[in-house]
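Residue numbers (this note's numbering): 53 to 369. We put the CB at the ideal spot given by N, CA and C, even for glycine.
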Ligand code: UDP
Ligand code: MG
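Structure below.
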């Protein structure tokens, strides 16, 4: 039996990019003669013709499997569904818009065959074609999260990677509802080889990520992989407690020695609003963690599959 590679492709409204992607991945797969392929397309509740396209691919190509969600669950859920249903010896995740060049696959597989690494991940070395403000915030985010979390998250890392079966099993075992794959890949460990490449523009269609969505995703990343914000809130609490003790001392001593009446309600109002603001801010941070805990304990499924051509698929997980 030849080795098998499962390629997971999350697709959300990708009718324009999919035909290009499919012909490119077929070209690469045909050039790799000694491995067999399984293309696991995950339709993330697309509203366009993505599913119809996947059905036609599947009709004429037995390598094509598709899982179609009952609604849009997000790219993280789509990737998780892929990992849960992939059966290959090697598993790869790849975007449908050709921003993750399939032509890197042979090289990635060669690296894994050498035996020194368990996964090959890709990193874009440039952010050409991206709005500068977005690149700036992205850099800041990576610097921050690496300071405050124990998951090793590389700047410019893409979700595009090829891994061996044990790493895929480890990712499936991480069944948390709030998923941040870049952190999960780093957290499970394993020996990872980083492959740098130049950023490629989207082949067709539009990005599904607005600035606001990316911002929320970065907050998710921080809350999921770091407890440092909570420590900061306790630190602030301690600081203000000590400060207020000192201030009380000053006022009492001033009154006893100089008989100074304590005057000035404006200063009082300022202090109250300052401390009130900080308290609300800290409660907001705690709220983020509580909200995540709430979602986590409900144990809702990550995804629900409405239609698939894979006989043994995990329909709800
Ligand atoms: N995607 C998805 N569900 C979503 C949003 C995106 O499955 O809710 C898929 C999308 O079809 C693409 C990949 O995730 O294959 C990356 O999305 P996109 O190219 O829009 O992100 P960008 O490359 O701009 O970060
Ligand atoms: Mg893209």
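C-beta atoms of residue 135 and residue 80 nearer than 9 Å: no
Straight-line gap, residue 366 to residue 137 (C-alpha atoms, nearest Å): 7 Å
Beta-carbon gap between residue 173 and residue 220 smaller than 9 Å: no
Residue 102: CB within 8 Å of a non-hydrogen atom of the ligand MG: no
Residues bridged to residue 317 (per DSSP): DSSP output for residue 317 lists no bridge partner at all.
Cβ separation of residue 235 and residue 190, assumed to be a contact under 8 Å, to the nearest whole Å: With 8 Å as the limit, residue 235 and residue 190 do not qualify as a contact, their Cβ atoms being about 15 Å apart.
Neighbourhood of residue 155 by C-beta distance below 8 Å, restricted to the same chain and skipping five residues each side: 76 and 80
Nearest to residue 68 (by Cα), restricted to the options 206, 118, 142 and 103: 103
Burial state of residue 213, where buried means 16 or more other Cβ atoms lie within 10 Å: buried
Contacts around residue 90, its chain only, beta-carbon distance under 8 Å, and the 5 residues preceding and following it disregarded: 56, 57, 58, 59, 115, 117, 138, 139 and 140
Secondary structure of residue 95, DSSP reduced to three states: strand
Environment of residue 132 [buried if 16+ CB atoms lie within 10 Å]: buried
Three or more C-beta pairs below 8 Å linking the segment 276 to 285 and the segment 325 to 345: yes
Alpha-carbon spacing of residue 358 relative to residue 330, whole angstroms: 46 Å
Limits of the alpha helix (DSSP H) - the one that residue 182 falls within: Note, residue 182: premise wrong, no alpha helix (DSSP H); not H, not E.
Residue from 186, 354 and 353 whose Cα sits closest to the Cα of residue 264: 186
Whole-angstrom C-beta distance between residue 96 and residue 62, which should lie under 8 Å: 6 Å
Ranges of the alpha helix (DSSP H) found wholly within the segment 169 to 223, counting only runs of at least 4: 184 to 200
Nearest-residue set for the ligand MG, Cβ under 6 Å from any heavy atom: 147, 149, 151, 254 and 259
Cβ-Cβ separation, residue 356 to residue 121 (assumed contact under 8 Å), whole Å: 6 Å
Cα-Cα separation between residue 353 and residue 268, rounded to whole angstroms: 21 Å
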